[in-house]
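Contents: one structure, followed by commentary.
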Amino acid sequence: MERLRHRTMEQFAKASGISRPTLSKYFEDPGSVRPSMRERIEAALLQSDYQPNIYARNLNRKRTKNIGIVVPHTTDPFYSELVNRLDQHCRAANYWPIIVSAHGTSNGEVEAYDLMFAVKAAGVIVTPLENRASEKLGALIETDVPLVYCDLAPDDRAPAVRNDNVQSIETMVSYLCRTGSAPAYLDGPVVSSNTIERRETYARAMEALGHEPVFLGRSRAGSTTHEAFAYDTMLDILDSGPLPATTILFSSDRAALGALAASFARRVSVGKRKSATLRIAGHDDIPISRYATPPLTTMAQDIDGIAASSVSLLLDLIAGNASPNATGGIDLPAKLMIRQSA
20 MERLRHRTME QFAKASGISR PTLSKYFEDP GSVRPSMRER IEAALLQSDY QPNIYARNLN
80 RKRTKNIGIV VPHTTDPFYS ELVNRLDQHC RAANYWPIIV SAHGTSNGEV EAYDLMFAVK
140 AAGVIVTPLE NRASEKLGAL IETDVPLVYC DLAPDDRAPA VRNDNVQSIE TMVSYLCRTG
200 SAPAYLDGPV VSSNTIERRE TYARAMEALG HEPVFLGRSR AGSTTHEAFA YDTMLDILDS
260 GPLPATTILF SSDRAALGAL AASFARRVSV GKRKSATLRI AGHDDIPISR YATPPLTTMA
320 QDIDGIAASS VSLLLDLIAG NASPNATGGI DLPAKLMIRQ SA
């Protein structure tokens with residue numbers, strides 16, 4: 020049966036014999052109308068092609084049901100999965116996620132924050148591009164828009180939900196020292212406070228276990244991708260003579276994957292078997308890490324927990340159940356994933 024054409028709510032209301040206020044109440048929250056009325060509306064919708072314009076209805080409200088999500092890159096495997104989980108948790112709470120990538124640039128980040136103002140976001144979940152909040156982000160924080168930092172915290176002006184970097188790096192260093200030679204460290208481009216914190220935690224963890232920290236390569240802020248940085252650095256190390264260490268810990272899986280490729284290019288065997296020359300470990304547990312050759316030993320961040328806690332905390336701020344000036348936040352532990360690379 021051909022469905023009836025209704026372009027506006029007014030047309031649908033007239034055809035169905037249901038008032039616009041009742042329809043608006045239903046589209047806002049189906050559970051807010053009587054069961055008999057809900058059944059009547061849903062039966063009418065089955066016979067119509069009408070779709071409510073959620074975006075337009077949101078903009079007409081004093082407080083919208085839009086939640087802004089701003090990340091440095093949506094192509095990064097970690098942020099791609101994080102955004103996916105944030106999207107799911109926002110929708111489950113009957114909020115409409117507006118996802119924007121800064122594309123790794125300050126201008127892109129400024130445009131993203133401008134958009135948050137334009138769409139009257141009820142709240143914003145943001146992973147800042149830099150180690151400090153930009154002027155535009157500062158302006159957003161100074162308004163009454165609830166905001167939560169996700170994955171990293173450039174300052175204490177908003178609560179943050181992130182991985183417990185101290186726990187995750189200490190766990191990995193302890194495991195590597197127990198099962199073989201003490202690890203050297205290679206971190207890749209410095210792009211966030213997470214990278215710096217993991218590097219510093221590695222040094223403290225090594226010293227606590229009686230080992231001298233060994234740093235390979237030199238960080239070049241924003242110079243290139245994690246994979247390319249680690250690939251080029253590892254080639255330099257492998258071409259320079261005997262290895263300075265037979266175990267290397269990387270600050271991210273992406274960097275570790277670049278090192279695996281460089282090792283393959285120079286025919287250096289990687290793994291925890293006795294015949295292998297080198298052990299390599301990463302951090303994050305991005306999806307491809309388990310399918311690397313060999314599968315990558317890493318620390319799995321609780322991405323769903325980070326997403327769920329970020330949305331929950333933001334909803335508390337929106338509802339007025341938490342202080343927007345709350346400092347600190349939530350640090351979630353990571354899980355050691357032992358595979359064949361170390």
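Taking the numbering used here, the leading residue of the sequence shown gets 20, the next gets one more, and so forth. We put the beta carbon where it would ideally sit given N, CA and C, even for glycine.
Nearest in C-alpha terms to Ala-284, of all of Thr-312, Asn-103 and Gly-301, is Thr-312. Rounded to the nearest whole angstrom, the C-alpha separation of Val-52 and Val-102 is 32 Å.
In this structure, the straight-line span from the alpha carbon of Lys-139 to that of Glu-128 is close to 17 Å.
In this structure, Ala-222 and Ala-249 do not form a Cβ contact; the two beta carbons are roughly 19 Å apart against a cut-off of 8 Å. Within the stretch 129 to 189, the runs of beta strand (DSSP E) at least 3 residues long that lie entirely inside it are, in chain order, 142 to 145, 166 to 169 and 179 to 182. Taking C-beta separations shorter than 8 Å and ignoring five residues to either side along the sequence, the partners of Ser-200 in its chain run Ala-264, Thr-265, Thr-266 and Arg-298, following chain order. With respect to Tyr-132, Leu-156 sits close: the two C-beta atoms are nearer than 8 Å.
Check the Cα spacing between Glu-47 and each of Ala-62, Lys-84 and Ser-35: the tightest is with Lys-84. According to the DSSP secondary-structure assignment, Tyr-204 is paired through a beta bridge with Phe-234 and Leu-268. Ile-88 sits in a strand when the DSSP states are folded into three classes.
Residue pairing by DSSP places Val-289 opposite Leu-297 in a beta bridge. Its chain contains Arg-57 as the residues whose beta carbon lies nearer than 7 Å to that of Pro-49, once the 5 sequence neighbours on both sides are disregarded; these appear in chain order. Between the C-alpha atoms of Leu-279 and Asp-258 there is a straight-line separation of about 15 Å. By the C-beta density criterion, Ile-337 is buried, having at least 16 other C-beta atoms within 10 angstroms. Here Thr-214 is buried: its Cβ has 16 or more other Cβ atoms, across all protein chains shown, within 10 Å.
With a cutoff of 8 Å on beta-carbon distance, Leu-205 and Thr-252 are scored as near each other. Taking 8 Å as the cut-off, the Cβ atoms of Arg-217 and Ile-188 count as close. Taking 8 Å as the cut-off, the beta carbon of Ala-326 is found no closer than this to the beta carbon of Arg-181. A Cβ-Cβ distance of about 5 Å is found for the pair Gly-290 and Gln-359, placing them in contact under the 8 Å criterion.
Going by DSSP, Ser-120 is part of the beta strand (DSSP E) stretching over 115 to 120. Spanning the alpha carbons of Gly-123 and Gly-142 requires a straight line of approximately 22 Å. The beta carbon of Phe-97 lies closer than 7 Å to those of Asp-303 and Ile-305 in the same chain, with the five residues before and after it left out. Taking a 10 Å sphere around the C-beta of Leu-65, we find fewer than 16 other C-beta atoms and assign the residue as exposed. For Asp-106, the enclosing alpha helix (DSSP H) begins and ends at 96 to 111.
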